[in-house]
Amino acid sequence: MSFIDIASDSDFPIQNLPYGVFSTEANPKKRIGVAIGEYILDLSLVKHFFTGPNLSINQHVFEQDSLNKFMELPKAAWQEARVVLQSLLGKDDERLRDNTELRTKALVRRQCATMHLPAHIGDYTDFYSSIHHATNVGIMFRGKDNALMPNWRWLPVGYHGRSSSIVPSGVGIHRPWGQTKADDAVVPTFCPSKLVDFELEMAFFVGGPPTKLGETVSIERAAERIFGMVLMNDWSARDIQKWEYVPLGPFLGKSFGTTISPWIVTMDALAPFVTDNMKQDPAPLPYLKHDDPYNFDIKLEVAIKPENCSVDHVVSRSNFKYMYWTMKQQLVHHTCNGCNIRAGDLMGSGTISGPEEGSFGSMLELSWKGTKAVAVGDQTRKFINDNDEVTLRGWCEGRGYRIGFGECRGKLLPAVKPKKRIGVAIGDYILDLSLVKHFFSGPNLCTKQYVFEQETLNEFMKLPKAAWREARSVLQSLLSADDKRLRDNAELRSKALVARKDATMHLPADIGDYTDFFSSIHHANNCGVLFLGGSDQLWPNWRQLPVAYHGRASSVVPSGTEIRRPWGQTKADDVAEPAFGASKCVDFELEMAFFVGGPPTKLGETIPIEEASERIFGMVLMNDWSARDIQKWESVPLGPFLGKSFGTTISPWVITMDALAPFIIDNMKQDPSPLPYLKHDDAYNFDIYLEVTIKPEGSDVDHVVCRSNFKYMYWTIKQQLVHHTCNGCNIRAGDLMGSGTISGPEESSFGSMLELSWNGMKTVAVGDQTRKFINDNDEVTLRGWCEGHGYRIGFGECRGKVQFIGNISLEIETLVGTMASAFIENQFQFAEMNIQHKGNADKTLALVRRAVRMGYDCVVINTDIGDINQSIEDVLQESSNEEPPKKKKKKGKRENIIPDPVQIDVSKVNTADLEVAGKKFRLYSRLTVTLSDSTSVYMLMHHPQAHKYDLIAVRPGDDRILQTLSRKGDFIDIITYDQTATSIRWLYSKSGLIQTCISEGLSFEITYAEALKDSSQRRQVLTNARQLLLITRGGRGVILASGAEEIIDLRAPYDAANLSILFGGRPEDSRKFVAGNAKKALLRAESRKTLKGAMVVTSAEDIPSHLVNRKSELERLMSVPEFRAQLEVVEGPSKDSEEPSKDVDK
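In the UniProt record's numbering, the protein residues as written are 1 to 1146.
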């Protein structure tokens, strides 16, 4: 209970406490607040009460104008803040209740506040996860028998939306303009949408520290990244969407406005309303599977209030529990390809529809595609009319209280007639402008010199074209031979002019949003031939509008940044189910892109074709990396998603349009003529030579695989920009818009491996190697330039290398050449080094099959016999023969203590996906033995059964055994230990011995199954593992394996790798524990079995003088019986005699 009076039907009781950002007329500064009844608690005025361990040093987060900094804190900080707030607002807490002055200032009536977006939204993703909605839409457009797309039940389908278009409740949305095409029309029409719709959705905000590109979020950790939820209306223009969405998914039909409620309800407030997840059939792939409930019983409704009406009329009542895919699954799938996330990213649920007609979440469904009318009071609707106000509400019903979300309200305003606007770009120079800013003294820049002190070009880009041209004029004068201001100022010149070779380049601007087009006719035609069949195949809308999709701005990186091979779902044509694994078809795309410039436009504002060039700041090279197999499976019906968002590389230098002006050439002929809003007669194409090279791993030569030219663009960049904004989508300086793959008419000018290899049907020469797609550690470089009279306008390089787990340095120095090359020729990706065999071959086979399905292409079956001495005693006790074990007739019994390696029928393991990728499945046998004394060491060393195993692992009984292994461990490969033991003396006291063993090539093993099975043992497993990683300096020589006895004990490679972070490993090193280090252990095992060493035989008198001392040392060692017992003495003929020489030893 709170000391504040709160109505029983209030959305905001003390059990809720949602976060928002507000301002008032008296204090227009944006502040963070918490809703309580009819009031808002201003957290900036009570921040001093947050004195707990997580917030005492982070009180500043409550002084910000958005929630992003608070969201970046870990979940423990969010929970701590909730406890403080519930106490502070409780009826028994006097700190606020009895402090009249503070209470008067800190508690603001909600009706007096203006609400804002609760966070700066970096990226916005919308999913499509309600099965009833997806089924309804499928029936409408594909028929009942084909309602759900093949991938829908396998992955949470999503697309990248437009973050700049998201607005808080109460902001009006203009009816958008765009291209539409009636079924019976010959050509499309440019006009305001006639079919604007609401979509009843919810969305969650991402929280926690930002992840890195290449980092994933596991299903077990997903809840820690979900900060809270809001209501969301993802306004949709169904007629625009219908015409444009094939082949790249939603674009202008979605980006004209998305409304969210201003209060973020935390997951802790919603925890009492968790309900069972919807049954998923088929079972999701392991990386998406979770058994804990994470669905919520949230009642939802949509009301429409027509113009001049004072009453809201409910048209839909639904519930969030109808979601098929959970938010955890959405987030995990979003990041599974390595796409990075940031606090403040917003992820929408997709339209939420229930099973009954009255619970459908859109007018598209309620009116069944406009075939019937929906009652709205005494009026009817099929879609939304101008000045209709649509309100979404949501709440959970508790016992005596209600957890509400407030309102998500928006009015559809009439379409705005497109206003003519122009954009132009300006480039960058190899000069430190912060040191010469005082030279910019012209009328446009004299008061704007601060733009050259920023960390990015965004502020400069925001200025109008006249300012860019003025800057160009100043710079050309300043750097000319006749200008002495810089030429003769040695001190300034030495500081301001930086050699490029000494510089590290970064992204030239903070990229707000990223859009990629599909505007090269040769590339589009090639794709049409490949996927639609026949010749001269183009999608029906391709010649009418510049097809595009929204990309992921956070995934854009500068030249030189490594790109990780992405993981995702793929599905071969001849298999029934998809698989989750690394993409086998990573491709480059030769593109260029332009940066938007000028002041930001407003939502609803458009840019006419006559003014478009004034919004184009400049151009860069761009490689839009693509995973063709992931893209193929996921792209229908919403276009590219994870197959594109794992990385996009751009060149760091922005070349201005004024610099490119001398190279303008005629536009490509467009037939049919474009619609008037896209038509321009002035030339705006460019003669830019382009090439792509590939440098394979180990090579120092770039091999050209493609030469093309920007002039092959069908749609100009002015047309791309105009079409992008024609629906009222707002733009900002720093937005990036890609050309799409640029291919020419000849095969050698095709701009992707997809085309060059003709979808993998032929090979492409790369020096003395061949490629169909990009291999790991291939470095792809794009170059572009214009040839002037005596000069060249270049773009520099756009360079990126594809990596899987990074470079692996093999520490084993002596290998048999043929064995090593054969092994490395087909490198494995991930190794599961410890699947336990407990006598049941069928059960072991099931474990192997599951491991392969999870993504392991190397599996080790472990037979653990425990203490070898104890095993002997057990055998003797079972024997009726009382003879001592040393007698020869007991030899058979002694050998039986080590069984033969288990035999698995590999033909029963589905390795098709590995073979397609050129990988081989490898199955190894392993023996694990506990050694308790020196006798057991000798016994294992010479036991004939032990030599039948590929790998040998030992469990040292004490530090003396470890010391022996550090000197004589060449017969073993792995050292392990009881993961749950509380006293492993050598682990905590013999760090030097451990380092010695690693230097000798031995590996140390951590297994995680025990930590997953028993929470009481988890702490000890973590303690021991952290100690090992500390000694080995972050995991040198350490492998991570499951030790699985049951299928439930297995984890997929990346999930297993992420466990290493819990053990104290660094995130960037996580993969080596299941890949690089495992490979070293297996290479050691291979070489141990095939190479014993090199031997030189000579007579004693021929020993060189500098080795005489070594000979005498050898003779002294030979007098030690234990040493001589382990040496084979070899005699050979002396130099002068046919008789054997006694001086010749091995």
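Just so it is clear, CB atoms sit at the ideal spot from N, CA and C, and this is done for glycine as well.
Item                                                                                                                     : Value
Between the CA atoms of Pro-284 and Tyr-19 - distance to the nearest angstrom                                            : 34 Å
Every unbroken beta strand (DSSP E) inside the stretch 245–313 [3 residues or more]                                      : 258–260 and 299–305
Beta-carbon spacing of Thr-570, Ile-630 below 8 Å                                                                        : yes
According to DSSP, residues forming a beta bridge with Gln-803                                                           : Arg-564
Neighbourhood of Val-937 by C-beta distance below 8 Å, restricted to the same chain and skipping five residues each side : Leu-931, Ile-961, Thr-964, Leu-965 and Lys-968
Backbone secondary structure at Gly-528 - three-state DSSP                                                               : helix
Helix, strand or coil at Ile-1061 [DSSP, three-state]                                                                    : helix
Beta-carbon proximity list for Leu-155, same chain, < 7 Å, skipping 5 on both sides                                      : His-333, Gln-569 and Glu-634
Simplified DSSP state of Trp-395, which is helix, strand or coil                                                         : strand
Bridge partner(s) assigned by DSSP for Ile-36                                                                            : Tyr-39
Ile-616 classed as buried or exposed, judged by whether at least 16 other C-beta atoms fall within 10 angstroms          : buried
Secondary structure, beta strand (DSSP E): runs of 3+ residues fully inside the stretch 634–705                          : 648–650 and 689–695
Reference Lys-1079; option with closest CA among Gly-1043, Pro-1067 and Val-1038                                         : Val-1038
Asp-123, buried or exposed, once every other Cβ within 10 Å from all chains shown has been counted against 16            : buried
For Pro-282 and Pro-652, the rounded distance between their alpha carbons                                                : 46 Å
Residue range of the unbroken alpha helix (DSSP H) whose run includes Gly-208                                            : It is not in any alpha helix (DSSP H) - Gly-208 carries neither H nor E in the DSSP assignment.
Alpha-carbon to alpha-carbon, Gly-1076 and Ile-808                                                                       : A caution first: Ile-808 carries a pLDDT of 27, below 50, which makes its placement in the model too unreliable to give a value.
Residues bridged to Leu-931 [DSSP beta-bridge criterion]                                                                 : Pro-956
Val-206 versus Ile-121: straight-line alpha-carbon distance, rounded                                                     : 10 Å
Length of the line joining the Cα atoms of Met-1095 and Arg-1084                                                         : In this prediction, Met-1095 has a pLDDT of 49, which is less than 50 and means its spatial position is unreliable; what the coordinates show is noted afterwards. Taking the straight line joining both Cα atoms gives about 20 Å.
Whole-angstrom distance between Met-327 and Tyr-677, CA atom to CA atom                                                  : 41 Å
Through-space distance from Val-187 to Gln-544, alpha-carbon basis                                                       : 8 Å
Touching by the beta-carbon criterion (3+ pairs, under 8 Å), the stretch 636–650 and the stretch 441–460                 : no
Residues of its chain near Glu-562, where Cβ-Cβ distance is below 6 Å and the 5 sequence neighbours each way are ignored : Lys-801 and Gln-803
Complete alpha helix (DSSP H) runs within the stretch 725–805 (minimum length 4 residues, chain order)                   : 753–756
Contact under 8 Å by Cβ, Ser-129 with Ser-349                                                                            : yes
The stretch 572–592 in contact with the stretch 440–449 per 3-pair CB rule at 8 Å                                        : no
The beta strand (DSSP E) enclosing Asp-864, as first and last residue numbers                                            : 858–867
Lys-602, DSSP secondary structure in three states                                                                        : coil
Helix, strand or coil at Tyr-124 according to DSSP, with G and I counted as helix                                        : strand
With 16 other Cβ atoms within 10 Å as the buried cut-off, status of Ser-519                                              : buried
Any C-beta of chain C under 8 Å from that of Thr-996                                                                     : Of the protein chains in the structure, only one exists, and it is not chain C.
Exposure label - Gln-111; buried when at least 16 CB within 10 Å                                                         : exposed
Short Cβ contact (8 Å threshold) for Val-766 with Pro-696                                                                : yes
Between the CA atoms of Gln-15 and Asp-1049 - distance to the nearest angstrom                                           : 38 Å
Limits of the alpha helix (DSSP H) - the one that Glu-611 falls within                                                   : No alpha helix (DSSP H) holds Glu-611; the beta strand (DSSP E) holding it covers 611–624.
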